[in-house]
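For reference, the structure is listed below as structure tokens.
In the working numbering, the protein residues as written are 1236 to 1539.
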């Protein structure tokens, strides 16, 4: 952690600042993929257990996000994209974000253990540790591979949902984890390409800053190529998903690959004002994950 930001708030703190610490937009995706993992599991789910599991996933994600903002407050202050967050804007003391994150994290794991099961709680605890410590503190400031290795942090929710329903880790939740893991680099690097100046100013070694735009675009394409067959594996494994998911995965992943190809080919030397393909890939990547996991649940319900 680098130099501390001012601890005296310039503006009064209210509940919206604490809510902002949980990164609500990111949490939406986390909750959705966790819910899809729960609903796609091949067992009936008790509604109370299911609600408890999703609540714990949401609270745990919010806690790890708050810890991330606590640790990176000084970096956020240097980037236009994050300067208005509660800590760099001076709306709350830094220690409040830390304590809020620790409380949310602790109670999410405790509630998961008591209300759902110890295995789901253990995976949730590790996912919080992975994001708050392995990614935020260790990887992000040290290596341009931070997103590649750190992608595991956002890949746990469907696995936790599945385990909450079944009590077991099988091949299917591992594949769901792997899909998000390989989706993360092209998703975040597309964003990093058009906010590269922010990352460079804050000294964060994101791939475009360290390796350059050409190398980043090429790696986006590589991960997008790998993502297509990987997304199809739940359709191919015995007892996996059916044709509804298989068709959706093929169409969505092909579009993803075509957008990545547009980013990777003949894009050397483009200026900041000409980032349309990168922005389209980033926007579609968010839709892609929502649609892919929605198709998984729809397949489960339609195909039985």
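Beta carbons: idealized from backbone N, C-alpha and C, even for Gly.
On the CB-based measure, 16 or more other CB atoms within 10 Å of its CB, does residue i come out buried or exposed?
i            : result
residue 1509 : exposed
residue 1486 : exposed
residue 1388 : buried
residue 1518 : exposed
residue 1538 : exposed
residue 1458 : buried
residue 1527 : buried
residue 1522 : exposed
residue 1289 : buried
residue 1432 : exposed
residue 1334 : exposed
residue 1534 : buried
residue 1338 : exposed
residue 1482 : exposed
residue 1448 : buried
residue 1238 : Model confidence at residue 1238 stands at a pLDDT of 42, short of 50, so the residue's coordinates are unreliable; what they give is reported in the following sentence. By the 10 Å Cβ count, residue 1238 comes out exposed.
residue 1286 : exposed
residue 1345 : exposed
residue 1236 : Here residue 1236 scores only 45 on pLDDT, less than 50, and its place in the model should not be relied on; the value that follows carries that caveat. When all chains shown are included, residue 1236 counts as exposed.
residue 1329 : buried
residue 1243 : Unreliable placement is indicated for residue 1243, whose pLDDT of 43 sits below 50; the coordinate value is still reported in the next sentence. With fewer than 16 Cβ atoms within 10 Å of its Cβ, residue 1243 is classed as exposed.
Of the residues the options, which one's Cα is nearest the Cα of residue i?
i            : options                : result
residue 1515 : 1462, 1422, 1484, 1414 : 1422
residue 1529 : 1256, 1272, 1251       : 1272
residue 1511 : 1483, 1425, 1471, 1252 : 1425
residue 1435 : 1284, 1306, 1315       : 1315
residue 1439 : 1310, 1306, 1269       : 1310
residue 1461 : 1365, 1416, 1403       : 1416
residue 1442 : 1484, 1380, 1397, 1481 : 1380
residue 1466 : 1454, 1449, 1450, 1492 : 1492
residue 1375 : 1444, 1405, 1407, 1343 : 1444
residue 1409 : 1353, 1419, 1327, 1468 : 1468
residue 1372 : 1494, 1305, 1332       : 1305
residue 1452 : 1498, 1308, 1470       : 1498
residue 1326 : 1385, 1341, 1308, 1378 : 1308
residue 1357 : 1369, 1368, 1343       : 1343
How far does the alpha helix (DSSP H) with residue i in it reach, from first residue to last?
i            : result
residue 1514 : 1511 to 1538
residue 1324 : Premise fails: residue 1324 is in no alpha helix (DSSP H) and is neither H nor E.
residue 1331 : 1329 to 1350
residue 1304 : 1282 to 1306
residue 1363 : 1353 to 1364
residue 1315 : Element bounds for residue 1315: n/a, residue is neither H nor E.
residue 1252 : 1250 to 1256
residue 1496 : 1478 to 1499
residue 1377 : Counting along the chain, residue 1377 falls outside any alpha helix (DSSP H), and DSSP gives it neither H nor E.
residue 1419 : 1406 to 1429
Quiz item: When the Cβ atoms of the region 1294 to 1306 are set against those of the region 1248 to 1266, are three or more pairs found closer than 8 angstroms?
Solution: yes
Quiz item: Should the region 1357 to 1373 be regarded as contacting the region 1391 to 1408, the criterion being three or more beta carbon pairs within less than 8 angstroms?
Solution: yes
Quiz item: Is it true that the region 1395 to 1403 meets the region 1264 to 1281, where meeting means three or more beta-carbon pairs spaced less than 8 angstroms apart?
Solution: yes
Quiz item: Does the region 1280 to 1287 come close enough to the region 1317 to 1331 that 3 or more CB-CB pairs lie under 8 angstroms?
Solution: no
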